[in-house]
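In what follows, a structure is listed as structure tokens, so that the remarks can point back to it.
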Amino acid sequence: MDRLQAEAIVRHGDLDRGLTRAELMDGVRDVDGLICLLTDQIDGELLDVNPSLKVVSNYAVGFNNIDVPAATERNVAVTNTPGVLTECTADMAWALLMASARRVIEGDRLVRSGQWAGWEPLQMLGAEVTGGTIGLVGLGRIAKAMAKRALAFDMRVLYWNRTRLSADEEKTLGVEYRELDEMLSESDFVSIHVALSEQTRHLISTPQLKRMKPTATLINTARGAVVDESALVQALRDGTIARAGLDVYEHEPKVEPELLSMQNVVLAPHLGSATVETRTRMGELAIENCLAACRGERPPNLVNPEWTPSQRKA
Numbered sequence: 001m002d003r004l005q006a007e008a009i010v011r012h013g014d015l016d017r018g019l020t021r022a023e024l025m026d027g028v029r030d031v032d033g034l035i036c037l038l039t040d041q042i043d044g045e046l047l048d049v050n051p052s053l054k055v056v057s058n059y060a061v062g063f064n065n066i067d068v069p070a071a072t073e074r075n076v077a078v079t080n081t082p083g084v085l086t087e088c089t090a091d092m093a094w095a096l097l098m099a100s101a102r103r104v105i106e107g108d109r110l111v112r113s114g115q116w117a118g119w120e121p122l123q124m125l126g127a128e129v130t131g132g133t134i135g136l137v138g139l140g141r142i143a144k145a146m147a148k149r150a151l152a153f154d155m156r157v158l159y160w161n162r163t164r165l166s167a168d169e170e171k172t173l174g175v176e177y178r179e180l181d182e183m184l185s186e187s188d189f190v191s192i193h194v195a196l197s198e199q200t201r202h203l204i205s206t207p208q209l210k211r212m213k214p215t216a217t218l219i220n221t222a223r224g225a226v227v228d229e230s231a232l233v234q235a236l237r238d239g240t241i242a243r244a245g246l247d248v249y250e251h252e253p254k255v256e257p258e259l260l261s262m263q264n265v266v267l268a269p270h271l272g273s274a275t276v277e278t279r280t281r282m283g284e285l286a287i288e289n290c291l292a293a294c295r296g297e298r299p300p301n302l303v304n305p306e307w308t309p310s311q312r313k314a
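Be aware that the sequence shown starts at 1, since it is given in UniProt numbering, and climbs by one per residue.
Okay, structure coming up:
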């Protein structure tokens, strides 16, 4: 904040909550730059409130909360914060995988309930992680970080991506390419790492879930709507898959009510980047992006490369 205040007049809302739509509309009226959260919906209506707005700096990697074409049409720069949260989010995905596979949260509930009667040979048997097969949906930075963790557990690593890597790259990373359906059917664990777009919305729905093993675990730390949440509930209920670990939801902060009562799913409140170090780096990058655009310079992390530091289009 000190760095931002050294170069600009700064206005912000309450630091312990996000802005309402009305507050956001009012706050953007006479500013050069907007630093927003992934919970803020940035669309043409909001952009038209301030014809002088130069940049929307998203405090997140994903930017599905922003109408990028609308911003580009108005020559408003859109930026994000990639790279700085790679390891942190991969840690969270791995934590969900381990907690789901070994039923850690169920065990915690049992002990706290006072009903644990002591060690039993068949009590809360989970899934073996070491030596298993993991399938990665997408192979960006976070998925590659997941691959490193999986290889450390002697796992076989499969991946599906819209663009296949070269044979040399696959060998270096220790991964094997599969078409999506084939990867789903071979994997003991499936971890999702794609951005949300119209092409990836409900990428994982009933047909894909039915391809998975009945013993499989699904992990999602990407965006909730990549998974058809209603289809996932049905798959968990009827045993199509064994378990899931979720950090994101289709209609955040709302969660399918049935998920809340299921014992075979671990639920986290979108904690993927939630460490002091990572959130600090994200803030620094969001500020750097915002100030660069306001100075008429090209921001380090420009989402819409068509943007030019010229006068905004009306």
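Every residue gets a Cβ at the ideal spot worked out from N, C-alpha and C, and that includes glycine.
Item checked: Same chain, Cβ closer than 8 Å to residue 287, five either side skipped, listed in chain order -> Counting from one through the sequence shown, the residue named residue 287 turns up at place 287. For residue 287, where only same-chain residues beyond five positions count, the Cβ hits under 8 Å are 3, 4, 35 and 57.
Notebook entry, point to check: Taking Cβ to Cβ, would you say residue 223 is nearer than 8 Å to residue 195?
Noted result: Taking the first residue of the sequence shown as position 1, residue 223 is located at position 223. Taking the first residue of the sequence shown as position 1, residue 195 is located at position 195. Against a cut-off of 8 Å, the Cβ pair of residue 195 and residue 223 comes out as a contact.
Note to self: Going residue by residue through the segment 176-200, where are the continuous beta strand (DSSP E) segments of at least 3 residues, counting only ones entirely within it?
What the structure shows: 189-192
Next item on the list: Have a look at residue 154 and residue 94 and give me their C-alpha separation to the nearest angstrom.
Entry: Here the question's residue 154 lines up with position 154 in the sequence shown. Here the question's residue 94 lines up with position 94 in the sequence shown. So the alpha carbons of these two residues sit roughly 14 Å apart.
Notebook entry, point to check: Are there three or more Cβ pairs, one per stretch, closer than 8 Å when the segment 80-97 is compared with the segment 141-158?
Noted result: yes
Check: Considering only residues of the segment 6-75, which uninterrupted alpha helix (DSSP H) runs meet the minimum length of 4 residues and lie entirely inside it, listed in chain order?
Finding: 21-27, 44-47 and 68-73
Next item on the list: Specify whether the segment 121-136 and the segment 95-106 touch according to this definition: at least 3 beta carbon pairs, one from each stretch, less than 8 Å apart.
Entry: yes
Check: How long is the line joining the alpha carbons of residue 112 and residue 160, rounded to whole angstroms?
Finding: As a first step, residue 112 is located in the sequence shown; it is residue number 112 there, counting from the start. As a first step, residue 160 is located in the sequence shown; it is residue number 160 there, counting from the start. Roughly 40 Å separates the two Cα atoms.
Notebook entry, point to check: Do you know offhand how far residue 314's Cα is from residue 285's?
Noted result: Position 314 of the sequence shown, counted from the first residue, corresponds to residue 314. Position 285 of the sequence shown, counted from the first residue, corresponds to residue 285. Model confidence at residue 314 stands at a pLDDT of 46, short of 50, so the residue's coordinates are unreliable and nothing is read from them.
Note to self: For a test of the three-state rule: what should DSSP assign to residue 265, helix, strand or coil?
What the structure shows: Reading the sequence shown from its first residue, position 265 is the one you call residue 265. Of the three classes helix, strand and coil, the one that applies to residue 265 here is strand, per DSSP.
Next item on the list: Give every residue of the same chain whose Cβ lies closer than 7 Å to the Cβ of residue 83, excluding the five residues on either side of it in the sequence, and list them in chain order.
Entry: Sequence index remark: in the sequence shown, residue 83 carries index 83 (1-based). Counting only Cβ-Cβ distances below 7 Å, and skipping sequence neighbours, we find 141.
Item checked: Where residue 331 falls, given that 16 or more other Cβ within 10 Å makes a residue buried -> Here the chain has residues from 1 to 314 only, and residue 331 is not among them.
Margin query: Going by DSSP, what residue range makes up the alpha helix (DSSP H) through residue 145?
Written below: For the purposes of this step, residue 145 is identified with residue 145 of the sequence shown, where counting begins at 1. Here the alpha helix (DSSP H) through residue 145 covers 141-152.
Item checked: Environment of residue 193 [buried if 16+ CB atoms lie within 10 Å] -> Within the sequence shown, residue 193 is the residue found at index 193, counting from 1. With 16 or more Cβ atoms within 10 Å of its Cβ, residue 193 is classed as buried.
Checklist line | Beta-bridge pairing of residue 218 - partner residues as DSSP gives them | finding: In the sequence shown, the residue the question calls residue 218 occupies position 218. Paired residues: 190 and 244.
Check: residue 160 by DSSP, collapsed to three states: which one?
Finding: Along the sequence shown, one-based indexing puts residue 160 at 160. In the structure shown, residue 160 sits in a strand (DSSP, three-state: E or B).
Check: What did DSSP end up calling residue 305 once you bin it into helix, strand or coil?
Finding: The residue you call residue 305 lines up with position 305 of the sequence shown. In the structure shown, residue 305 sits in coil (DSSP, three-state: anything other than H, G, I, E or B).
Item checked: CA-to-CA distance, residue 202 to residue 227, given in whole angstroms -> For the purposes of this step, residue 227 is identified with residue 227 of the sequence shown, where counting begins at 1. For the purposes of this step, residue 202 is identified with residue 202 of the sequence shown, where counting begins at 1. Answer to the nearest angstrom: the Cα atoms are 5 Å apart.
Next item on the list: Starting from the Cα of residue 37, find the closest Cα among 26, 46, 178 and 65 and give me that residue.
Entry: Here residue 37 is taken as the residue at index 37 of the sequence shown, counted from 1. Comparing Cα-Cα distances from residue 37 to each of 26, 46, 178 and 65, the minimum goes to 65.
Checklist line | Buried versus exposed call for residue 167 [16 or more other C-beta atoms within 10 Å across all chains shown] | finding: Looking up residue 167 in the sequence shown gives position 167. Per the 10 Å Cβ criterion, exposed.
Next item on the list: Less than 8 Å between the CB atoms is what I'm expecting for residue 175 and residue 190, so what's the real figure, rounded?
Entry: Taking the sequence shown and counting its residues from 1, one reaches residue 175 at position 175. Taking the sequence shown and counting its residues from 1, one reaches residue 190 at position 190. The pair is not a contact, with the Cβ atoms about 14 Å apart (cut-off 8 Å).
Notebook entry, point to check: Do residue 250 and residue 270 come within 8 Å of each other at the CB atom, strictly closer than that value?
Noted result: By 1-based counting over the sequence shown, the position of residue 270 is 270. By 1-based counting over the sequence shown, the position of residue 250 is 250. The answer is no: Cβ separation not under 8 Å.
Checklist line | Alpha carbon of residue 262 to alpha carbon of residue 131, nearest angstrom | finding: Walking along the sequence shown from the start, residue 262 turns up at place 262. Walking along the sequence shown from the start, residue 131 turns up at place 131. Those two C-alpha atoms are separated by around 27 Å.
Checklist line | Expected contact under 8 Å - CB spacing of residue 49 and residue 25 to nearest Å | finding: In the sequence shown, the residue the question calls residue 49 occupies position 49. In the sequence shown, the residue the question calls residue 25 occupies position 25. The Cβ separation is near 6 Å, so the contact holds.
Next item on the list: Run the CB neighbour count on residue 278, radius 10 Å, all protein chains shown included, and call it buried at 16 or more, exposed below.
Entry: As a working note, residue 278 is residue 278 in the sequence shown. Buried, since its Cβ has 16 or more Cβ neighbours within 10 Å.
Item checked: Check whether residue 28 and residue 46 have beta carbons under 8 Å apart -> By one-based count along the sequence shown, residue 28 stands at place 28. By one-based count along the sequence shown, residue 46 stands at place 46. Taking 8 Å as the Cβ cut-off, residue 28 and residue 46 qualify as a contacting pair.
Checklist line | residue 204: first and last residue of the uninterrupted beta strand (DSSP E) it sits in | finding: By one-based count along the sequence shown, residue 204 stands at place 204. Careful: residue 204 lies outside any beta strand (DSSP E) and carries neither H nor E.
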